[in-house]
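Those sequence lines, one after another, are chains Z, B, Y and P.
Going left to right, the first sequence walks through residues 1 to 456 as the numbering used here numbers them.
Going left to right, the second sequence walks through residues 457 to 912 as the numbering used here numbers them.
Going left to right, the third sequence walks through residues 913 to 1368 as the numbering used here numbers them.
Going left to right, the fourth sequence walks through residues 1369 to 1824 as the numbering used here numbers them.
Note that the Cβ used here is the ideal one computed from N, Cα and C, for glycine as well.
Read through the structure below, which is laid out as structure tokens, and then see the notes.
Number of protein chains: 4
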Amino acid sequence: MCGIFGIYNVAEASKLTYLGLYALQHRGQESAGIASSDGTKIHSHVKMGLVSENFTPEVFHELPGRSAIGHCRYSTTGTSSIKNAQPLTVSYCRGQLAMAHNGNLVNADLLRSILEADGSIFSSTTDTEVIIHLLAQSKKNTFEEMLVDSLKRVKGAFSLVVLTEKELIGVVDPWNFRPLSLGKKDNGYVLASETCAFDIIDAEYIRAVEPGEMIIINENGLKSIKPFKPVKQKKCIFEFIYFSRPDSYIFGQSVQKARKALGAELAKESAVAADFVIPVPDSANSAATGYASESGTPYEIGIIRNHYIGRTFIEPSQSIRDFGAKIKYNPVKDILNNKDLLVIDDSIVRGTTSRKLVKMLRKAGANLVHWRISSPPITHPCFYGVDTPNRSELIAASHTIHEIEKYLKVESLCYLSIDGMVKAVGGKKEDYCLACFCGEYPVQFNTEPDKNGFER
Amino acid sequence: MCGIFGIYNVAEASKLTYLGLYALQHRGQESAGIASSDGTKIHSHVKMGLVSENFTPEVFHELPGRSAIGHCRYSTTGTSSIKNAQPLTVSYCRGQLAMAHNGNLVNADLLRSILEADGSIFSSTTDTEVIIHLLAQSKKNTFEEMLVDSLKRVKGAFSLVVLTEKELIGVVDPWNFRPLSLGKKDNGYVLASETCAFDIIDAEYIRAVEPGEMIIINENGLKSIKPFKPVKQKKCIFEFIYFSRPDSYIFGQSVQKARKALGAELAKESAVAADFVIPVPDSANSAATGYASESGTPYEIGIIRNHYIGRTFIEPSQSIRDFGAKIKYNPVKDILNNKDLLVIDDSIVRGTTSRKLVKMLRKAGANLVHWRISSPPITHPCFYGVDTPNRSELIAASHTIHEIEKYLKVESLCYLSIDGMVKAVGGKKEDYCLACFCGEYPVQFNTEPDKNGFER
Amino acid sequence: MCGIFGIYNVAEASKLTYLGLYALQHRGQESAGIASSDGTKIHSHVKMGLVSENFTPEVFHELPGRSAIGHCRYSTTGTSSIKNAQPLTVSYCRGQLAMAHNGNLVNADLLRSILEADGSIFSSTTDTEVIIHLLAQSKKNTFEEMLVDSLKRVKGAFSLVVLTEKELIGVVDPWNFRPLSLGKKDNGYVLASETCAFDIIDAEYIRAVEPGEMIIINENGLKSIKPFKPVKQKKCIFEFIYFSRPDSYIFGQSVQKARKALGAELAKESAVAADFVIPVPDSANSAATGYASESGTPYEIGIIRNHYIGRTFIEPSQSIRDFGAKIKYNPVKDILNNKDLLVIDDSIVRGTTSRKLVKMLRKAGANLVHWRISSPPITHPCFYGVDTPNRSELIAASHTIHEIEKYLKVESLCYLSIDGMVKAVGGKKEDYCLACFCGEYPVQFNTEPDKNGFER
Amino acid sequence: MCGIFGIYNVAEASKLTYLGLYALQHRGQESAGIASSDGTKIHSHVKMGLVSENFTPEVFHELPGRSAIGHCRYSTTGTSSIKNAQPLTVSYCRGQLAMAHNGNLVNADLLRSILEADGSIFSSTTDTEVIIHLLAQSKKNTFEEMLVDSLKRVKGAFSLVVLTEKELIGVVDPWNFRPLSLGKKDNGYVLASETCAFDIIDAEYIRAVEPGEMIIINENGLKSIKPFKPVKQKKCIFEFIYFSRPDSYIFGQSVQKARKALGAELAKESAVAADFVIPVPDSANSAATGYASESGTPYEIGIIRNHYIGRTFIEPSQSIRDFGAKIKYNPVKDILNNKDLLVIDDSIVRGTTSRKLVKMLRKAGANLVHWRISSPPITHPCFYGVDTPNRSELIAASHTIHEIEKYLKVESLCYLSIDGMVKAVGGKKEDYCLACFCGEYPVQFNTEPDKNGFER
């Protein structure tokens, strides 16, 4: 997952980009970068680590200009290294360009092989570099046409912000896998993965960028085109469940509202008697409020999360029980002791942390522990930009709910149904990519089955 | 405010101290340090910054031994500099000692003048160094007696952990201003400001250290003495309201339980019709659940807090409205729009952030905004270890509630009453230090009235 | 100027490369990098700064394998930034390759334009990336042929080491502008700009790589080919005068021996009575010993150089006379006072530092000051890899020797003649590139005359 | 060994101190610190590492004022840690003071025991802190008297600069073990270990501070007193042989002149036929010029020293012959091959590096190797501030010259005689401390014989 941001024709563009990235930090903590244009030249600063660690006053002197793009990254393709940190800035026949990408292409490896066979060299292992190569090799006449030409050849998820010396372009793939929103700031424009990045800089939210839409912003103002063959949109529903900040709008909808509805729907489907509804913080907080108000079971803070987590943690060689979970979570004994709990989490991936949490809650005195998940079982990996593991590591890919229940050692385990999830988020089932829940991949890809006998 | 931790006779003592400090990080983010004893020599590593940034694998090689103490600091006396970072480690007539201190002395300046007049030199500006000087100059025969001798001369708040080559000592002033708890780990003992530091290392909580109690842990086991003249205990009630983590026990009581009761009591005193109860996160979350369950008004997450805050923030020169508050908080528009809100915060100091928050909520569409505080008005500065500003900056020291209400631009503002607060926390009113709410300072001090015509 | 190093089939290849680069550090202090091959994959670590600052024990864990190349850089083309630091590592149709380059191409801009027009993108602003693009686009069958194909299209100076998963290749342009030597270490081979890099790792010097020679080292052993059309060799004579370390062999000859002969020849041409011969340390030390032994004038250490120079220097705002020169040099008053001096320097570029030195020597009491240069006047910029300024800044491009003499305020100024220089270094005049002294550029280039009305 | 610097009543005092320390960097590379006074308060910045790495523009904002002192340290007492880095800044009865110390006391341990028994605490393990304790405990009336009172109780070597809010004091012990010089800058004064620190800031050298002299500089101007009982001066002769920079004056004499005379005297005592005189660079360069001019044997540069040495060096696990020496030195083969060499070094401590150098020279083709030392054999450790090892590690303490000759594997080894050394440096034998050469310690001390049966 990644966060992207763009701004055009606003004073101190790089500083505002920095603030925008800071608001999008939850989408990627591995690297952060900004490229700015002073009208004739693109400047860039990219580093591993958090936004707030990377940008000092001196850095901003080297990022002049009234337009800029930014990126924060959690690696999905390409290893975690500075070479893969974005925005990627290159020079090519028309000058310079910088690109920041959220999403994964499914034909990047194939295109890369073709490009390499044809003489291209690659400096990174990102699929973003594939797009740039295609763009640079396009025989079209304008930058806009070249970018369209390039994007018509790729398949998969791309929400992009692209900066040239004179233009800012935002574009979303026709399936609209990843969100991108448009806003207004003073006399200029902003683009961001989530609207929380508009709030921090006092920008005004206009609307979501639409499926397959390309927005070109330059001295002539803003122009919108839809250059791709229309397909059924397939928005990532997991953005509502987990990725996005609750105070954001994505795909034109409030995340918090969706998340509360997911909790409420979960209550309708699988409410059970309990003393308290306890969220696994912070990702399940909103769903828990929805569950609480629907079920009438009181919302309670039963697990505290430590937010000071640093990058490397020194583990004592003598084992501390459930070490990894303890670094992050601690139960509130006084609340939990001798109580029946309804614990809500947003999802289960491998199940290991959930199992440790149950153990911690039991040790804190919990009586019955019912586990509820505000989304359906994840049975398939994502190929469109989410860092899910292979099927062999996804506990729900190979275990029944009853087996997982026994593994977690909980009194009961219920997931939200696919229909319930869609109902909660709103819209039609066919508008969303549900691949991770059902294995129906909206964009096909040609890869060998993985060693687990599954798709990857 | 500071966090202190000590451990005796446990393998990898310095690594466990590091984890303990990590759990206590909320008590001070300015500096972090560990001193360990290998039985014959004390080793020390102290640095500015967060615990998770300061301790690398190499550092632990230089912190050998089975006993250690640690400290994380937010400066109250002494400027913020490495010289004042703790534990303070010195050599003196009996060898070496390291000391970590939570709390403020009120006669430190006087004692320092006397000591300096008598020929002492000071390397730091902490009042902790005063205690060490007095200890080193004591003519008593044993370390224990020297420490007691020293502490009998100081007045004010001290919760201390002291490490010598062979011993770990924990001691709390007779008023018990600051919490300190005792636990057991394997065959050894642990001491910490809050019990959340025990949980992270799988230590077992035994009990709170009592007012005026000194606990001496060495090869002969654990010994408890009460060397000071007994006084009425005066526990800091603000530890329950704000400082401590909700998952901790302090003074033998659950913080979360107290905080929920504060919210419930607030509801009894000043409930008003509203669509939602909204906490200012994260410090008012627990109180808000108490308010919600008592009042029946639904708990809702209406403000999102960004936890990635770094140390220095680059502010654009063009003003962003309410910049400081925006870096930390963002309202959830969809939830708030056109709703009547009951917002709960733990306290108001200067009122500036609250005012900005109200403005943000209004902009997000809030209809009525009622503001509730889960503690009484802060009218007086703390001299026992909390970094409150001068009276001139405390809004409640010079303004009526009605005036503050108008300043914040809220429909109503209510604080919890002192009696309500004590009732919620439990115990008798006289057991708590209430100086910041009423100006009755339990330990007298001799300072000139400050320039505001107030006590300081 | 840059230093390059390569090693094949030796244990701890990356550590030996690090030591080799350390010995070549004088050739470039801006960035340092190593790429290693473990036989199937290339690993790389490149950073701004000195070799000894960049490589920690952890870094070597990430640079496994028995072959490696390294580079230290002082920028001549491309700005000073991490993007331009070498070795450049890319993937292309045949896998991965890393390249390190010493020298400058004269048709890089042209080729770059052609490549960009044809759809190539550039991540750096180095001319090395041009070579890699050409290589990747070659339609030849083997890597060796592709590299030759690429290099046949470039013009100018290139001494290269190239690493693939399985091979190490060293190659020198047909003019042999920059030195490259071949050595043996255990059962493997080494390549380096100067032989001082062999000495530090106990490698045995075999011979200089010859003009236009390509050395291919792989599991089949070492193979030498001469794929380029032969031209007259044009070795950079300035390598003898200034760049190389005196303890190195370059182009098969001892630098120290050449440098002493330059000093001796200078004495023959322009000796004058003086109390002492004083070198400007350290670059003129060897020439001064040659001058001293030829002239009989005693060698004396009259200027001390401070070697602790850091990267940024804080200059007081109140001016210190000759600040820049003072940071580096200090005269030895007791030696100089009332003495007639013969000062030797290797060259004069702008003349500003020399002028400051003269002033310092006068202040130290020097009586007569004769200035001698162990090379002819630099009148033209270098386009083959040396960072000389534009003609407008070269004092000898626009001033007579007599004018420079007056500018420096010396009693006399003499340069070595071109013939004397060639005689000293040995070989024939036509074997050397003398462009900076006479403007006869052996490899033509097509650029607009620069703003000074000169070639660039 | 350490370097000290002080400045009074000059604009940008801390920046000039930084430049002064930069010139004194050869006297200590372990830590560097500056304390400045703005007239009412002392500010301080002290860090491990080089001067040029420690001081950034921001640091100077925190070091305001027109007076300052600085220190660079190579540890002789106290371990290498930030606690022991100087200047030491403390507060005491009269305000604040900062002190920087060059030299070692011989009764520091005893005084420390007495002070600790009396109740003092020590934050560092330097003997400098002993002086400050004694000063703070003095019952005298003025700061000057207190400092004198304190210094009358210590024995051994101290050259000090002391800064108070209003004064700068420089003082040298009555034996004058370590040098200190006085200079003038604009309307203020400067003090420094060596005069090269004056040259870099354009200060004018006045004279050496005399044995037992205390110089008090304040708003009343400069005052000199001699408060100590006079003793025979005992200047460290090793300052001339090795420590000081050749361009400095110390004890009122030119170092370069002394060093040349040492070489000349060595030639008189032990010249032998050789093709070249080769210095071990850089410390023996000046002596070698003296030897060359006296003997008529030509001076030649036969060993090159690498100046880029960083702090930690990665040694490959496969052994490189003479690794340590190779990092620093490389022979010039072409010069040495088949030649008879007369190599000059300033001294031999353990003999290990010399032995490696001989091996390197032989491998480079040297024929005969005669080894000459421009000082007598070091047979005893220094207790006055030089970091010499125990007698057991001093090769000349337990081996005859003939045995060392065999160990080094040289054709001949000659040291300079004590009388020759004194004659070269000038003055009377009794004016110098010759303890390291003969074991006659001018200031007695009471320590147990060490495990080697020697004095320490």
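Only those residues of the segment 594-619 of chain B whose C-beta falls short of 8 Å from the nearest C-beta of chain P are listed: Ser594.
Counting C-beta atoms within 10 angstroms of its own C-beta, Z:Asn104 has 16 or more neighbours from the protein chains shown and is therefore classed as buried.
Residue state for P:Gln1397 is assigned as coil, using DSSP reduced to three classes. Z:Ile314 is not a Cβ neighbour of B:Pro543, given a cutoff of 8 Å. Beta-carbon to beta-carbon, B:Asp703 and Z:Ile304 are separated by about 4 Å, close enough to satisfy the 8 Å threshold. Note that the C-beta distance between Z:Asn176 and Z:Pro230 is not below 8 Å.
At a cut-off of 8 Å between beta-carbon atoms, Y:Glu1028 makes contact with chain Z.
With respect to the C-alpha of B:Lys812, the residue from B:His557, B:Gly639, B:Ile776 having the closest C-alpha is B:Ile776. DSSP places Z:Asp247 in the coil class of the three-state scheme, outside both helix and strand. Taking 8 Å as the upper bound on Cβ-Cβ separation, chain P lies near residues Cys1108, Asp1111 of the segment 1077-1111 of chain Y. Non-local C-beta neighbours of Y:Glu1305 in its own chain, meaning closer than 8 Å and more than five positions away in sequence, comprise Val1261, Arg1262, ordered along the chain. Residues of the segment 1004-1038 of chain Y whose Cβ lies closer than 7 Å to any Cβ of chain Z, in chain order: Tyr1004, Cys1005, Glu1028, Ala1029, Gly1031, Ser1032, Ile1033, Phe1034, Ser1035. What P:Asn1674 touches in chain Y, judged by beta-carbon distance under 9 Å, is Tyr934, Ala935, Gln937, His938, Cys1108, Ile1112, Arg1157, going in chain order. Secondary structure of Z:Arg153 (DSSP, three-state): helix. Against B:Tyr755, the close residues of chain Z are Thr289, Ala292, Tyr299, in the order they occur along the chain (beta-carbon pairs closer than 8 Å). The contact set of B:Glu468 on chain Z, defined by CB atoms closer than 8 Å, consists of Pro316, Ser317, Gln318 in chain order.
Within 10 angstroms of the beta-carbon of Z:Asn338 lie fewer than 16 other beta-carbons, which makes it exposed. Close CB contacts of B:Val881 within its chain, under the 8 Å cut and outside five residues either way in sequence, are with Ile693, Phe696, Gln709, Ala714, Ala717, Leu718, Tyr888 (chain order).
Checking the DSSP bridge columns, you'll see Z:Asn330 partnered with Z:Ile304. Looking at the DSSP output, Y:Cys1345 shares a beta bridge with Y:Cys1148.
Nearest CB-CB separation between Z:Ala136 and chain Y: below the 8 Å threshold. Contact annotation: Z:Ala197 and Z:Phe55 have beta-carbon atoms that are not nearer than 8 Å. Between the segment 890-900 of chain B and the segment 929-941 of chain Y, the count of C-beta pairs closer than 8 Å stays below three; the two stretches do not touch. At least one CB atom of chain Z sits nearer than 8 Å to the CB of Y:Ile1044. At least one CB of chain Z lies nearer than 8 Å to the CB of B:Tyr474. Within the segment 851-899 of chain B, the complete alpha helix (DSSP H) segments at least 4 residues long are 851-854, 857-864, 874-881, 891-894, listed from N- to C-terminus. Burial check for B:Ser830: the Cβ neighbour count within 10 Å reaches 16 or more, so the residue is buried.
Against chain P, the CB of Y:Pro976 has no partner CB under 8 Å away; the residue lies outside that interface. Just measuring C-alpha positions, the residue of Z:Ile301, Z:Phe323, Z:Pro377 sitting nearest Z:His402 is Z:Pro377.
With respect to the 8 Å criterion, Z:Pro279 and Z:Ala288 are classified as neighbours on the basis of their beta carbons. DSSP places B:Ser500 within a strand segment (E or B) once states are collapsed to three. From the beta-carbon of Z:Val90, the residues of chain Y found nearer than 8 Å are Ile1033, Phe1034, Ser1035.
Contact check for Z:Glu167 against Z:Ile216 passes: the beta carbons are separated by less than 8 Å. With respect to P:Ile1677, P:Val1700 sits apart: the two C-beta atoms are not nearer than 8 Å.
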